[in-house]
Amino acid sequence: METLINEIEPQTTANTLLQGLGNALENEAIYIFREVVAQFEKPVLLFSGGKDSITLVRLAQKAFWPAKIPFPLMHIDTGHNFPETIAFRDKLVKELDVELIVRNVQDSIDQGKVIEETGKYASRNMLQTTTLLDAIEEFKFDACIGGARRDEEKARAKERIFSVRDDFGQWDEKNQRPELFDMLNGTIEIGQNVRVFPISNWTELDVWSYIQKEDIEIPSIYFAHKRNIFLRDGLIWSAEDDVVFRAEDEVIEERWVRFRTVGDMSCTAAVLSKADSIDKVVAEIRDSKISERGARIDDKRSEAAMEKRKQQGYF
Amino acid sequence: MNVLKIATAGSVDDGKSTLIGRLLYDTKSLTEDKLEAIKKSSEQRGYDYLDFSLATDGLVAEREQGITIDVAHIYFSTPTKSYIIADTPGHVEYTRNMVTGASTSQVAIILIDARKGVIEQTYRHFFINNLLRVKNIIVAVNKMDLVDYSEDVFNAIKKDFEALNAKSTYGEQIVSYIPVSALKGDNIVDKTDAMSWHSGNTILGHLEELEAQDVYDSGKVRFPVQTVIRPKTDEFHDFRGYAGKITGGSLKVGDAVTVLPSLTQSKIKEIFFFDKSYNEAYAGSSVNITLEDDINVTRGDMLVKTDELPKIEKQVTATVCWMDSKNLVPGTKYIVQHNTNRVLSKIDSINSVIATDYTGAQENKNKLSLNEMGEVSIKLSKPIYFDSYADNKSNGAFILIDAQTNTTAGAGFIN
Ligand SMILES: Nc1nc2c(ncn2[C@@H]2O[C@H](COP(=O)(O)OP(=O)(O)OP(=O)(O)O)[C@@H](O)[C@H]2O)c(=O)[nH]1
Ligand SMILES: [Mg+2]
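As you go down the protein sequences, you meet chains H and S in turn. Position in the first sequence (from 1) plus 73 gives the number in our numbering. Position in the second sequence (from 1) plus 280 gives the number in our numbering.
Below, the structure written as structure tokens:
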């Protein structure tokens with residue numbers, strides 16, 4: 074049998090979780106998952122179908138083996154999905170034999186709780202918050218596990234691993250709990266809940282390298298494919314599926330593209346790419362000069378876009 | 281050693297955030313869109329240079345005031361290592377956030393403004409790094425561009441710091457001195473002609489050369505149980521695994537272990553990491569352990585080697601860093617979280633408030649206020665199984681949770 078050495082140093086006082094590349098991040102994430110299950114009564118994993126949440130699912134599997142993942146997955150469905158991700162989601166849930174909860178932004182719109190945005194930059198990304206908060210209340214979830222990473226955005230870089238939200242889902246960024254050593258404090262009052270970020274310390278490249286190393290299956294839109302697209306503000310938008318608003322003077326072209334993130338289609342732009350395998354994608358990310366969120370229009374709305382959304386309960 | 285965790289320290293405006301921004305820029309870790317955003321913000325603010333602190337000061341309030349309020353975690357990598365830097369605030373008011381950032385780091389970069397030299401905040405932050413036993417310290421004398429890159433200025437500051445270092449209670453600490461200009465990028469990643477008199481390393485050069493023994497102390501193996509894994513499936517009908525993260529040293533199949541607090545003894549039967557079993561696992565591994573005997577083990581318990589028992593007591597004395605706006609006073613109750621174990625506790629006495637300027641104990645006010653440090657005696661309703669922080673970092677630290685507000689109110693380092 075082998076010895077489990079995470080490229081680490083024997084004889085370490087592990088006040089820190091990180092003691093080796095890749096594997097150390099994995100160990101940290103597994104540790105966090107187990108704290109969630111031990112400290113909360115009703116956790117849920119927010120599953121978007123994107124690579125980060127797929128990575129989370131793999132880590133959860135590792136944390137509890139040989140038992141099943143001990144919490145449900147929940148998809149807040151904007152209705153603007155890439156069809157591939159939905160098929161992928163359903164297959165994964167079946168394989169893992171876990172419960173999937175789906176709540177639809179469309180329902181929140183129909184109930185008059187939120188109003189659909191209109192115009193060129195219309196997106197359902199902001200509307201998700203209402204649907205999410207309603208679902209948290211409906212199921213009385215006390216911990217929502219998500220795949221956000223600190224390297225994604227400057228306001229995210231400030232967020233704790235256990236991030237406490239009030240009854241309204243609000244993030245009080247100036248008054249966060251100190252998070253010392255690797256001790257996580259998930260004590261909350263009724264009505265509050267905690268957003269948990271097990272891959273906080275991973276970078277985009279770490280996630281891709283992990284997917285590569287673990288041979289994790291991901292939706293095909295992450296790989297280069299031919300697609301009808303149009304250009305706006307220097308970003309590449311999908312002209313298929315009629316989800317993204319396109320003005321008449323915005324011309325459709327066919328190009329080789331792939332997606333680096335898979336959010337709501339209406340705010341997720343593609344990148345030109347010929348990377349049609351995981352090895353090529355990893356190589357491309359390594360050399361990339363643009364950040365992952367550079368292709369997300371929701372962050373470009375203002376300098377403080379993310380912080381504002383999070384104060385309102387956005388994931 | 282391929283992931284290194286670093287925290288910055290130093291007073292307000294000493295250039296911590298700028299230095300990190302510089303590290304990112306000079307290692308080409310800032311993507312074009314992020315750089316573009318920094319350029320735009322710098323222009324909007326009317327600066328005639330790039331304000332790299334904008335790379336890390338992510339909150340609106342921080343950008344408005346040009347200061348750091350809360351810890352930001354920043355990531356970059358070189359072909360040698362991945363770096364995680366905690367950019368901490370320099371303002372006294374946010375000392376607790378500085379402690380938070382330092383608590384998870386292996387290296388500290390303490391910045392000093394070359395024009396101001398060693399000041400009160402330098403004392404405080406060095407003291408905190410001593411207390412936390414951060415082994416590797418880089419003293420970066422910054423803003424050398426504003427003192428004509430003077431070797432004399434640098435040497436004078438170095439001398440002052442060495443005098444401070446002589447008072448440190450943590451002997452194994454390694455201190456290095458580097459003159460830099462974070463703004464101009466001198467000695468951050470690249471060497472500079474402006475200070476050819478400095479024969480030592482650049483900041484990055486120093487970090488790149490660090491090896492495991494430069495940042496770790498050794499300790500005994502401890503295994504706090506996080507949760508019990510019982511699949512209850514046909515295939516694993518009787519499986520009962522104890523999930524947790526190994527700290528300190530390593531555990532092997534066959535090791536004689538004692539479960540705390542019950543003192544029940546057994547042997548390690550299997551060590552799983554996911555679905556593979558191993559015969560030995562080292563510190564940092566999140567494993568799932570089964571025992572030879574069918575005994576009762578729950579969350580909060582700890583497995584240790586039978587010949588390496590820690591102290592098991594209902595009374596501890598610790599240096600506490602206070603992080604709450606409500607003062608810590610004797611007679612009050614808090615929850616002690618020590619690893620995965622939570623125990624209700626009562627503050628027995630506050631024995632001293634510690635002056636962070638190395639002049640010894642301050643007058644004892646019998647209370648600790650926000651950002652103060654002191655020696656505190658705590659009575660516990662149930663025993664905890666601990667080592668002194670000096671012997672074992674992960675088993676010698678705890679947090680205090682306010683039972684009313686649920687917030688993390690303080691951090692303790694057991695004597
Ligand atoms: N001339 C000069 N200015 C510098 C240098 N480093 C930083 N500064 C300036 O000093 C000011 C403060 O820099 P910051 O990086 O925000 O300081 P900080 O230490 O992060 O401050 P806090 O986080 O609030 O404690 C900014 O205006 C910087 O441009 C340097 O090497 N030379
Ligand atoms: Mg700063």
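Just so you know, even glycine gets a beta-carbon here, dropped at the ideal spot from N, CA and C.
- Shown here is that no member of the stretch 420–431 of chain S has a Cβ falling below 9 Å from a Cβ of chain H.
- Look at lysine 308 of chain S here: in three-state DSSP terms it is coil, with no helix or strand label.
- A Cβ-Cβ distance of about 32 Å is found for the pair isoleucine 289 of chain H and glutamate 326 of chain H, leaving them out of contact under the 8 Å criterion.
- For histidine 405 of chain S, not one C-beta of chain H is nearer than 8 Å to its own C-beta.
- Every unbroken stretch of the alpha helix (DSSP H) spanning 4 or more residues and falling wholly within the stretch 272–354 of chain H is given here in chain order: 277–287.
- Isoleucine 358 of chain H and aspartate 331 of chain S have their C-alpha atoms some 26 Å from each other.
- In terms of side-chain proximity, the C-beta atom of serine 557 of chain S is found no nearer than 7 Å to any non-hydrogen atom of ligand 2.
- In the displayed model, glycine 690 of chain S falls within a strand according to three-state DSSP.
- Neighbours of methionine 199 of chain H in chain S, taken as residues at a C-beta separation under 8 Å, are lacking, since the least C-beta distance is about 18 Å.
- When C-alpha distances from glutamine 265 of chain H are compared across H:Val237, H:Arg300, H:Val344 and H:Arg328, the shortest belongs to H:Val237.
- Taken through DSSP and simplified to helix, strand or coil, asparagine 445 of chain S comes out as helix.
- For the pair threonine 307 of chain S and histidine 353 of chain S, the Cα-to-Cα distance works out to about 17 Å.
- Going by beta carbons, isoleucine 174 of chain H and lysine 135 of chain H fall outside the 8 Å limit.
- A Cβ closer than 5 Å to some heavy atom of ligand 2 marks a residue here, and those residues are S:Lys296, S:Ser297 and S:Thr348.
- From the listed residues H:Thr191, H:Asn154, H:Lys247 and H:Phe161, the smallest Cα separation to asparagine 177 of chain H is found for H:Asn154.
- Taking a Cβ-Cβ cut-off of 9 Å, the neighbours of lysine 525 of chain S in chain H comprise Ala87, Leu90, Asn100, Glu101, Ile103, Tyr104, Arg107 and Asp255, given in sequence order.
- Between proline 292 of chain H and the set H:Glu321, H:Ser126, H:Asn96 and H:Ala97, the nearest pair of CA atoms involves H:Ser126.
- Residue-level contact check: alanine 140 of chain H touches chain S, since one or more beta carbons of chain S fall below 8 Å from its beta carbon.
- At a cut-off of 8 Å between C-beta atoms, glutamine 617 of chain S counts as an interface residue with respect to chain H.
- Scanning chain S for C-beta atoms nearer than 7 Å to the C-beta of aspartate 224 of chain H yields Tyr355, reported in chain order.
- For serine 566 of chain S, there is no enclosing alpha helix (DSSP H); the residue is part of the beta strand (DSSP E) that begins and ends at 566–571.
- Taking 7 Å as the cut-off, the C-beta of lysine 231 of chain H does not count as close to any heavy atom of ligand 1.
- Distances from the CA of leucine 98 of chain H to each of H:Asn274, H:Thr341 and H:Pro139 were compared; the closest alpha carbon is that of H:Asn274.
- The three-state reading of DSSP puts phenylalanine 106 of chain H in helix, counting H, G and I together.
- Contact annotation: isoleucine 417 of chain S and isoleucine 458 of chain S have beta-carbon atoms that are not nearer than 8 Å.
- Collapsing the DSSP output to three states places leucine 330 of chain S in coil.
- For the alpha helix (DSSP H) assignment, the stretch 381–407 of chain S encloses no uninterrupted run of at least 4 residues.
- The beta-carbon separation of valine 344 of chain H and valine 330 of chain H, rounded to 6 Å, stays under the 8 Å limit for a contact.
- In the DSSP assignment, proline 369 of chain S falls outside any alpha helix (DSSP H) and carries neither an H nor an E.
- When rounded, the separation of the alpha-carbon atoms in threonine 191 of chain H and arginine 510 of chain S is 51 Å.
- Here DSSP, grouped into helix, strand and coil, assigns alanine 536 of chain S to strand.
- Judged by pairs of C-beta atoms under 8 Å, the stretch 445–455 of chain S does not touch the stretch 475–488 of chain S, as fewer than three such pairs exist.
- Going by beta carbons, threonine 620 of chain S and alanine 563 of chain S fall outside the 8 Å limit.
- The Cβ atoms of phenylalanine 693 of chain S and leucine 426 of chain S lie no closer than 8 Å to each other.
- Distances from the CB of glycine 346 of chain S to the heavy atoms of ligand 1 include at least one below 7 Å.
- Identification of chain H residues near threonine 380 of chain S by a Cβ-Cβ cut-off of 8 Å yields Pro251, Glu252 and Leu253, ordered along the chain.
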